[in-house]
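>
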């Protein structure tokens, strides 16, 4: 059971485990010899290892568990593995809420990873239903839709409202308008409007003068019997 610390040694095993259901007994009872080669002695010496007090532990210091739960670690999703002591060692998995299967591999929880999108918080309201508490700016059953902040927002001068996260933006028509709601008119457009109005006023005045001239000529002709155009024609 004891090996001198001054010896350099190597451990060789002639054992072949034939039955996986009897791991611990195979590891303890079927190791027939250890070959210890000393640097001081050319010939090997043989020793027999001491059996561990706990038959489920193995190793030189008896600190390695050979139970199926510790060796296989079969239970998934934080399931608890329970060793079943019988003639044929076995195990079972105790699954947490929402998981089923031999190894707790099936997830039946209403709230799964990424059920609520964009960092939303998922709450199980029953064994089959859930409720998402959405992060700011998002809405929907799974927080999949961005809140449209363009509702009830008017962009002036044919501007188009674009919804953003927790905000909105008015896209103005070219360089002619600016401002949060496209309410600011550029100097170019102001000058254009002034010139257009000036031409409109000149046109209105010119048309008014022509109309007044025709009216005056008709008054002279039909009310006073004076026809200036006829007199000019007779003169020539």
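Numbering (this note's numbering), first residue to last: 2 to 237.
All residues carry an ideal CB built from backbone N, CA and C; glycine is no exception.
Could you tell me the alpha carbon to alpha carbon distance between residue 58 and residue 101, rounded to whole angstroms?
As a first step, residue 58 must be located in the chain shown, where it is residue number 57. As a first step, residue 101 must be located in the chain shown, where it is residue number 100. Looking at the two C-alpha atoms, the distance is approximately 30 Å.
> Which runs of the alpha helix (DSSP H) spanning at least 4 residues fall entirely within the region 61-120, listed in chain order?
Entirely contained in the region 61-120, the alpha helix (DSSP H) runs reaching 4 residues are, in chain order, 69-73.
> Check each candidate in 168, 177, 224 and name the one with the smallest Cα separation from residue 193.
Here the question's residue 193 lines up with position 192 in the chain shown. Nearest of 168, 177, 224 to residue 193, Cα basis: 177.
> Quick one: give me the first and last residue of the beta strand (DSSP E) that residue 162 is part of.
Locating residue 162 in the chain shown gives position 161, where the first residue counts as 1. First-last of the beta strand (DSSP E) with residue 162: 161-165.
> Could you check where the alpha helix (DSSP H) with residue 210 kicks off and where it finishes?
If you number the chain shown from 1, residue 210 lands on position 209. 188-223 is the extent of the alpha helix (DSSP H) around residue 210.
> Evaluate the contact criterion for the region 180-188 versus the region 208-219: three or more CB pairs, one atom per stretch, below 8 Å.
The region 180-188 vs the region 208-219: no contact.
> In the DSSP assignment, find the unbroken beta strand (DSSP E) run with residue 142 in it and report its ends.
Taking the chain shown and counting its residues from 1, the one referred to as residue 142 is at position 141. Taken as a continuous stretch (DSSP letters only), residue 142 belongs to no beta strand (DSSP E), as it is neither H nor E.
> Measure the CB-CB distance between residue 138 and residue 148 and report whether it falls below 8 Å.
For this step, residue 138 is matched to residue 137 along the chain shown. For this step, residue 148 is matched to residue 147 along the chain shown. Yes, the Cβ-Cβ distance between residue 138 and residue 148 is below 8 Å.
> For the region 103-114 against the region 72-83, are there 3 or more C-beta pairs whose distance is under 8 Å?
These segments touch.
> Whole-angstrom Cβ separation of residue 124 and residue 97, contact assumed at under 8 Å?
As a position in the chain shown, residue 124 is number 123, starting the count at 1. As a position in the chain shown, residue 97 is number 96, starting the count at 1. Residue 124 to residue 97, Cβ: 17 Å. No contact.
> Do you know offhand how far residue 203's Cα is from residue 196's?
Taking the first residue of the chain shown as 1, we reach residue 203 at position 202. Taking the first residue of the chain shown as 1, we reach residue 196 at position 195. Approximately 11 Å between the Cα atoms of the pair.
> One question on the structure: do residue 135 and residue 151 come within less than 8 Å of each other, judged by their Cβ atoms?
On the chain shown, residue 135 is found 134 positions in, with the first residue counted as 1. On the chain shown, residue 151 is found 150 positions in, with the first residue counted as 1. Not closer than 8 Å, so no.
> Consult DSSP for residue 228 and reduce its assignment to one of helix, strand or coil.
Locating residue 228 in the chain shown gives position 227, where the first residue counts as 1. Three-state DSSP puts residue 228 in coil, outside helix and strand.
> Whole angstroms are fine: how far does the CA of residue 142 sit from the CA of residue 99?
Translated into the one-based positions of the chain shown, residue 99 becomes position 98. Translated into the one-based positions of the chain shown, residue 142 becomes position 141. One C-alpha to the other measures close to 20 Å.
> Please classify residue 224: is it buried, with 16 or more other beta-carbons within 10 angstroms of its beta-carbon, or exposed?
Taking the first residue of the chain shown as 1, we reach residue 224 at position 223. Label assigned to residue 224: exposed.
> Is residue 172 helix, strand or coil when you go by DSSP?
In the chain shown, counting from the first residue as 1, residue 172 sits at position 171. Residue state, collapsed to three classes: strand.
> From residue 53 to residue 71, what does the alpha carbon distance come to, in whole angstroms?
The residue you call residue 53 lines up with position 52 of the chain shown. The residue you call residue 71 lines up with position 70 of the chain shown. Cα-Cα distance, rounded: 17 Å.
> Going by the CB atoms, is the gap between residue 173 and residue 1 shorter than 8 Å?
Here the chain has residues from 2 to 237 only, and residue 1 is not among them.
> What does residue 123 pair with, by DSSP beta-bridge criteria?
Mapped onto the chain shown, residue 123 falls at position 122. Its beta-bridge partners are 133.
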